[in-house]
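J.: Quick one: the structure is below, questions incoming.
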Amino acid sequence: MKKVIGLDIGGTSSKFGIVENGVILRRGNLPTCLNDDPQDFIERLKIALGDLSGVEAMGVGAPNGNPLRGTIELAPNLKWKGIVPMANLLQEAMGIPVTLTNDANAAALGELKYGSARGMKNFISVTLGTGLGSGYVVDGKLMTGHSGFAGELGQVTAIPEGRLCGCGRRGCLETYVSATGIVKTFQELGGELTTSKEVAEAAGRGDTKAIQAFDETAKIFAVTLANTVAITSPEAIFLFGGLAQAKELLINPLEKYFALNLHNIFRGTVRILPSGLPENDAAILGASSLEG
2 MKKVIGLDIG GTSSKFGIVE NGVILRRGNL PTCLNDDPQD FIERLKIALG DLSGVEAMGV
62 GAPNGNPLRG TIELAPNLKW KGIVPMANLL QEAMGIPVTL TNDANAAALG ELKYGSARGM
122 KNFISVTLGT GLGSGYVVDG KLMTGHSGFA GELGQVTAIP EGRLCGCGRR GCLETYVSAT
182 GIVKTFQELG GELTTSKEVA EAAGRGDTKA IQAFDETAKI FAVTLANTVA ITSPEAIFLF
242 GGLAQAKELL INPLEKYFAL NLHNIFRGTV RILPSGLPEN DAAILGASSL EG
């Protein structure tokens, strides 16, 4: 297999690695936006990468990345405003082919190539972090849709007229099912903790408000997943991120409510599984799988 660069562009910092046959040969990171000029980031990245002898291509996962155009579009957590033709800019600077998609899609493709979805043709990958990202693989191909932004599970309305989302709408799933969402639920129940880790620790000690916060999160998530199964009929739903490790607190009730809400014709056809990607390598491997 060829040697490729995997680049994960984050709101604060970006990770990169040189990958060959699923092995990260060399890795590093750098601040993403020191200013509003994406060309500055590219120049710093080029220096950080160093010698690219033998490297044949680059895959990029980025917030609001559009795989149809290779652009980063209106990303709220980046200083780069408007539409940035990042794939073209990187290709010109590096002299190698560059493929770009959003970070959640990259994670899904990483799961397909290097994780537990190997051999599957229909699955969903969901990343549970500060927000909620998702990627859909249908008939062995990444689902992008007409606009390039298909598969945004975190932006479906879970609670009509619910919490204000960063996108400007109300009630989006990620305002409830995410690290920040579970803290908000806990606080609405009268709790005073401020991080999801603290809420999880409190639940582990038997705090009833914390346990209820996880249960309500699982219930909202389960209904949404059951609805999306009715549309794409995946073989599996892979969960990744810190919250996905909360087996007793989140995953067990999620599986219970998921079974209760799943349409009869889909019972026994879909599993909820942990990601098979190593947490520290997932972003780089996911991005590299675009070109590997």
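When you line the sequence shown up against the working numbering, it's residues 2 to 293, in that order.
Just so it is clear, CB atoms sit at the ideal spot from N, CA and C, and this is done for glycine as well.
1) Between the C-alpha atoms of Gly243 and Lys114, what's the straight-line distance to the nearest angstrom?
2) Mapping DSSP to helix, strand and coil, what is Tyr137?
3) Could you name the residues of the same chain whose beta carbon sits closer than 7 angstroms to that of Gly12, not counting the 5 residues immediately before and after it, in chain order?
4) Between the alpha carbons of Gly130 and Asp38, how many angstroms are there, rounded?
5) Find the nearest neighbour of Val127 within the set Val56, Asp216, Pro235 and Lys185, judged by alpha-carbon distance.
6) Ser179: buried (16+ other C-beta within 10 angstroms of its C-beta) or exposed?
7) Report the residue from Thr209, Gly191 and Phe42 whose alpha carbon sits nearest the alpha carbon of Asn30.
8) Could you tell me how far apart the beta carbons of Glu93 and Ile84 are, in whole angstroms, since I believe they sit closer than 8 angstroms?
9) Please state whether DSSP places Thr145 in a helix, a strand or coil.
10) Going by the beta-carbon positions, is the gap between Leu1 and Ser290 smaller than 8 angstroms?
11) Report buried or exposed for Thr270, applying the criterion of at least 16 other Cβ atoms within 10 angstroms of its Cβ.
12) Can you list, in chain order, the stretches of the beta strand (DSSP E) that have 3 or more residues and sit fully within the stretch 47-79?
13) Starting from Ala94 and walking both ways along the alpha helix (DSSP H), at which residues does that stretch end?
14) In terms of alpha-carbon separation, which member of Gly172, Ala105 and Pro279 lies closest to Pro161?
15) Across which residues does DSSP place Asp216 in a beta bridge pair?
16) Given this structure, state the Cα-to-Cα distance separating Asn253 from Thr218, to the nearest angstrom.
17) When you compare the CB positions of Gly55 and Asp104, do they come within less than 8 angstroms of one another, or not?
18) Does the Cβ of Asn22 have 16 or more other Cβ atoms within 10 Å, making it buried, or fewer, making it exposed?
19) Would you call the CB atoms of Ala223 and Asn262 closer than 8 angstroms?
T.: So, from the data block:
1) 22 angstroms
2) strand
3) Thr33, Pro64, Asn78 and Leu79
4) 27 angstroms
5) Pro235
6) buried
7) Phe42
8) Not quite, the Cβ-Cβ distance comes to about 17 angstroms (not below 8 angstroms), so this is no contact.
9) coil
10) Residue 1 is absent from the structure shown; the chain starts at 2 and stops at 293.
11) exposed
12) 56-63 and 72-74
13) Met87 to Met95
14) Gly172
15) Answer by DSSP bridge pairing: none, since Asp216 is not bridged.
16) 12 angstroms
17) no
18) exposed
19) yes
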